[in-house]
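Residue numbers (UniProt numbering): 9 to 499.
All C-beta atoms in this analysis are idealised placements derived from N, C-alpha and C, irrespective of residue type, glycine included.
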Ligand code: LFR
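Shown next as structure tokens:
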């Protein structure tokens, strides 16, 4: 029997969902109450999130959830780094920018002129991504909006604010801003001072499991939820929630949280802030209970999603299972790309960009759609291998197996290629890792589950997992890895 139901609000780059999780001592069961599209909007000033549509989707989802019975609490997670600014009256200033907007191009150099690249890493332990909040703020410096801003709320914190009226900065997500001190886990006063960022903009930190208030009366009225329904702070960075739900029952595991991005790395007890780690662009983001998510961002299924959008515009077939079947039949190791090449970041004609990359680096240019998909999947498997091997080396840890979680774990070919490329067994699933992590943190706050190990045990014993054994051809993967290493030097 199930004790209670929790609602996970989980916003991803292409859709938002409200998922109900029922948690008992030996069971954990999810149902999707509502799914709604997340369609970014381009305005003259740049690419934005349609945050009002997202909030309305959340309200409709909570109303669906209320219809299916009692909801003990609600938790919100989204992607990282993006934020809304509130003025002195608490009104949202403008529309939150999408991290794929290009306005931050060149902003990093302005930050590094004040705090050198090496020092910035030594303080924050954050990998360099051009859209880190610290660079977005540098891009906004001097703007009327930033001048009028009294509060900066990261996306999940903004949505929680609209649900409850409460104000806070959840710490796993705060660790992606580039403004948090990796050692202390608090806002770095020193950095804020040197970068001329008003410390009053940043709310007090709160930790996963902390209460975040109860529903505002109009939210309760619209959704039909009890006004006393609590909102619980979860690991509001989606990747942090996904890592909670990695079904690891033994030490020495690596994980890949694979969705729009592939986040590949390790869970550590302490940050690695060495110069080697910075040069390899590993991040030390915070997980729950003081853990460190030591990982690197890899461009992920974005490449495939963006190809699909291009093919749709061109009237070509877009049925993913069929494309994956074509990819499985396509010739192996024809061409590989570095998925993290900067030209793949912004939305656009991805098949053309991939073909250009292959042409420029003297490789065979993938012709058919199946060949393009094969190229993407092999390139991702190689990037997974690179990231996991480097992480293990830098953190001095012997990895024995890989957990691949998230939507990408549905992709059979990608899981197998990742096992082949890494030479390690891959355990795939759960696909709904983020929602599960969101729900388990709420269940723990309600006293229903124990520590991180107990949560993972519950996942491992209740969720469907698949196992992939590496298939022999190590030499072919070594050769492909060498090829991409020289290609990225020449590109
Ligand atoms: C994944 C994710 C990554 C973050 C990227 C941008 O959804 O949260 O962890 O680097 O989105 O925010």
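In terms of alpha-carbon separation, which member of 207, 446 and 342 lies closest to residue 86? 446
Among 42, 50, 89 and 327, which has the Cα closest to the Cα of residue 70? 42
Just checking, does the stretch 383 to 395 make contact with the stretch 298 to 315 on the three C-beta pairs under 8 Å criterion? yes
According to DSSP, is residue 332 helix, strand or coil? helix
Do residue 107 and ligand 1 come close, with the Cβ less than 7 Å from some heavy atom? yes
According to the Cβ coordinates, are residue 283 and residue 300 closer than 8 Å? no
Member of 131, 232 and 161 whose CA lies at the smallest distance from the CA of residue 145: 161
May I ask you to report which of helix, strand or coil DSSP gives residue 149? coil
Just list the beta strand (DSSP E) runs in the stretch 177 to 223, keeping only unbroken ones of 3 residues or longer that don't cross its boundaries, in chain order. 219 to 222
Straight-line gap, residue 340 to residue 251 (C-alpha atoms, nearest Å): 31 Å
Find the nearest neighbour of residue 210 within the set 222, 185, 230 and 224, judged by alpha-carbon distance. 185
On the DSSP bridge list, what partners appear for residue 45? 23
Use the C-beta contact count for residue 125: other C-beta atoms within 10 angstroms, 16 or more gives buried, fewer gives exposed. exposed
If you draw a straight line from the alpha carbon of residue 448 to that of residue 310, how long is it in whole angstroms? 27 Å
Nearest residue (CA-CA) to residue 407, options 68, 262, 233 and 123: 262
Tell me whether residue 348 counts as near ligand 1, meaning its Cβ is closer than 7 Å to at least one heavy atom of that ligand. no
Residue 156 vs residue 101 beta-carbon contact at 8 Å: yes
Are residue 429 and residue 378 closer than 8 Å when you measure CB to CB? no
Three-state secondary structure (DSSP) of residue 459: coil
How about residue 521: is its Cβ closer than 7 Å to a heavy atom in ligand 1? Residue 521 is absent from the structure shown; the chain starts at 9 and stops at 499.
For the stretch 231 to 239 and the stretch 413 to 431, state whether three or more C-beta atom pairs, one from each stretch, are separated by less than 8 Å. no
Are the stretch 217 to 231 and the stretch 241 to 258 touching, with three or more C-beta to C-beta distances below 8 Å? yes
Quick one: is the Cβ of residue 245 within less than 7 Å of any heavy atom of ligand 1? yes
Through-space distance from residue 131 to residue 351, alpha-carbon basis: 29 Å
Burial state of residue 472, where buried means 16 or more other Cβ atoms lie within 10 Å: exposed
In terms of DSSP beta bridges, what is residue 275 paired with? 301
Residue 85: first and last residue of the uninterrupted beta strand (DSSP E) it sits in: 81 to 85
Would you check if the distance between the CB atom of residue 223 and the CB atom of residue 158 is smaller than 8 Å? no
Heavy atom of ligand 1 less than 7 Å from the Cβ of residue 137, yes or no? yes
Which term fits residue 135, buried or exposed, when burial requires 16 or more other beta carbons within 10 angstroms of its beta carbon? buried
Which residue wins for smallest C-alpha separation from residue 170, given the options 77, 375, 462 and 59? 59
Applying the 10 Å Cβ sphere with the 16-neighbour rule, what's the burial state of residue 279? buried
Going straight from the alpha carbon of residue 180 to that of residue 88, what length do you get? 9 Å
Can the beta-carbon of residue 383 be found less than 8 Å from the beta-carbon of residue 434? no
Which residues does DSSP pair with residue 240 in a beta bridge? 219
Measure the alpha-carbon distance for residue 28 versus residue 39 and round it to whole angstroms. 5 Å
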